[in-house]
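Here the protein sequences come in this chain order: A and B. Here my numbering runs 485 ahead of the position in the first sequence, where the first position is 1. Here my numbering runs 485 ahead of the position in the second sequence, where the first position is 1. In this text, a Cβ means the ideal position worked out from N, Cα and C, and glycines have one as well. Contents: one structure, followed by commentary.
2 protein chains.
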Amino acid sequence: MKRSVATIDVEACCPQVLAGPLSEPEAELLALGFKALADPVRLRLLSLIADAPEGTACSCDLEGPVGKTQSTVSHHLSLLADAGLITKEKLGRWVNCAVVPERVAALRDALGG
Amino acid sequence: MKRSVATIDVEACCPQVLAGPLSEPEAELLALGFKALADPVRLRLLSLIADAPEGTACSCDLEGPVGKTQSTVSHHLSLLADAGLITKEKLGRWVNCAVVPERVAALRDALGG
DNA sequence: TGCATGTATCGACATTTGTCGATACATTGA
DNA sequence: TCAATGTATCGACAAATGTCGATACATGCA
C-alpha cells in the first residue's frame with residue numbers, strides 16, 4: 486500500500502519556511518502537508534469534523550454537507566489521513582474521523598512561529 | 486490578464502479552518518492560498534527570497550539554487566505573486582521579489598489563532 | 001542604433017488530481 | 001445464514017499542473 490509508506494512523520498516535518506533556505510527534501514515534505522490543505526472539499530471536511538460534537542464525525546454524515554459522492558468523500562478523507570491531519574477509527578460499521586490538532590499546528594508553525 | 490483577476494484580497498481571505506464549517510466560497514479562497522504553498526519549488530523560492538539580503542531577490546539568482554529553468558522559475562514566481570505571497574518590482578532589467586509577511590501570517594492564522 | 005541580457009509568454013507534453021459509477025469488502029442485525 | 005448498510009477500491013475520464021525549449025518583449029549599454 487502506498488498509503489502507509491506516504492504517511493507523514495509528524496515530528497520531523499516542519500522547518501520554518503521563512504527562516505532560511507529549505508533543502509529539497511524539507512520542501513518536499515512540507516509541500517505534502519500543504520497539498521492536503523489545497524483543496525476546498527478537504528478544507529470543508531476538516532472544518533466539519535472539527536465542528537462535529539465531540540470532535541468526531543462519521544464519514545457518512547459528511548457526504549451531504551460537502552455535496553460529493555461517497556467515493557469522493559472517502560478518497561479525500563484518506564488523503565487527509567495520509568497527511569496526518571485526521572485520524573480514522575473504525576467503530577463497527579462506521580468510521581469516526583477526528584482532527585489531529587498537533588499536525589495542523591505543525592503546519593501553521595512552519596509559516597512562522 | 487488572468488493574473489490581476491486572480492490576485493487575492495489579503496484582507497478577506499482567511500476564516501479559521503477549525504472554528505466552524507467553512508462555506509464553499511470560503512474554502513475555495515483558502516484553498517487558493519494553500520495551493521500556492523503546495524509545491525516544493527515554490528516553498529524553496531519563498532525561503533530563498535526571505536533569506537536574501539534585505540529580503541529581496543532577483544529572480545535570476547533563484548534559478549540556480551532551485552535547479553529549474555528560467556521559464557519554470559518565472560512561472561512559479563508568478564503563481565506566488567498571484568497568491569499574494571510575494572511582490573515583484575521591476576527595477577531596470579531585473580525583477581526584485583519580496584515576501585509579503587502579512588499574507589503568510591494570514592494563511593498561518595487560518596490554521597488556528 | 002544595435003546588441004546583450006533579464007524576464008514573460010507560448011506551445012507542447014507527461015503526470016497528477018478530482019470526480020464519478022460500479023463493485024468489492026466488512027460488519028451488524030434479522 | 002442472509003440481507004442491509006457503511007466504507008474502500010477499481011477503472012475511467014476530464015481538467016489542472018509542472019516542466020521544458022523556443023521565442024517574443026523590454027531595458028540598459030556600447
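DSSP-derived helix/strand/coil call for residue i
i	result
B:L515	helix
B:P576	Residue identity differs from the one stated: residue 576 of chain B is Leu in this sequence, not Pro. Correct three-state label for B:L576: strand.
B:V551	helix
A:A591	helix
B:C545	helix
Pick from the options that is closest to residue i, judged by C-alpha positions
i	options	result
B:S508	A:G505, A:L533, A:A512 and A:L517	A:L533
B:E513	A:Q501, A:V551, A:E511 and A:P510	A:V551
A:A568	A:V580, A:K553, A:P586 and A:S556	A:P586
A:W579	A:R588, A:L547, A:P525 and A:T557	A:L547
Distance, residue j Cα to residue i Cα
i	j	result
B:L522	A:K575	32 Å
A:K520	B:F519	7 Å
A:G549	A:L530	11 Å
A:V584	B:A542	38 Å
A:V495	B:G577	With a pLDDT of 49 at A:V495, under the threshold of 50, the modelled position of this residue cannot be trusted, and the question is left open.
A:P538	B:A590	29 Å
A:G505	B:C582	16 Å
A:D536	B:L503	7 Å
B:S559	B:I571	13 Å
A:C499	A:G598	11 Å
B:Q501	A:S556	27 Å
A:G540	B:L562	38 Å
B:R588	A:A595	14 Å
A:K553	A:C545	11 Å
Distance between beta carbons of residue j and residue i, contact taken as under 8 Å
i	j	result
B:R593	B:L565	At roughly 16 Å, the Cβ-Cβ gap does not stay under 8 Å, so B:R593 and B:L565 are not in contact.
A:A516	B:P525	5 Å
Proximity test, residue i beta-carbon vs the ligand GTP heavy atom, cut-off 7 Å
i	result
B:L592	The ligand GTP is not among the ligands present in this structure, which contains no ligands whatsoever.
Members of the segment 559-593 of chain B near chain A, C-beta cut-off 8 Å:
Flagged, chain order: V584, P586, V589, A590, L592 and R593.
Tell me which residues of the segment 510-526 of chain A have at least one Cβ-Cβ distance to chain B shorter than 7 Å, keeping chain order.
A512, E513, L515, A516, F519, K520, L522, A523, D524 and P525
Closer than 7 Å, Cβ to any Cβ of chain A: which residues of the segment 527-542 of chain B, in chain order?
Hits within the stretch, in order: L528, R529, L531, S532, L533, A535 and D536.
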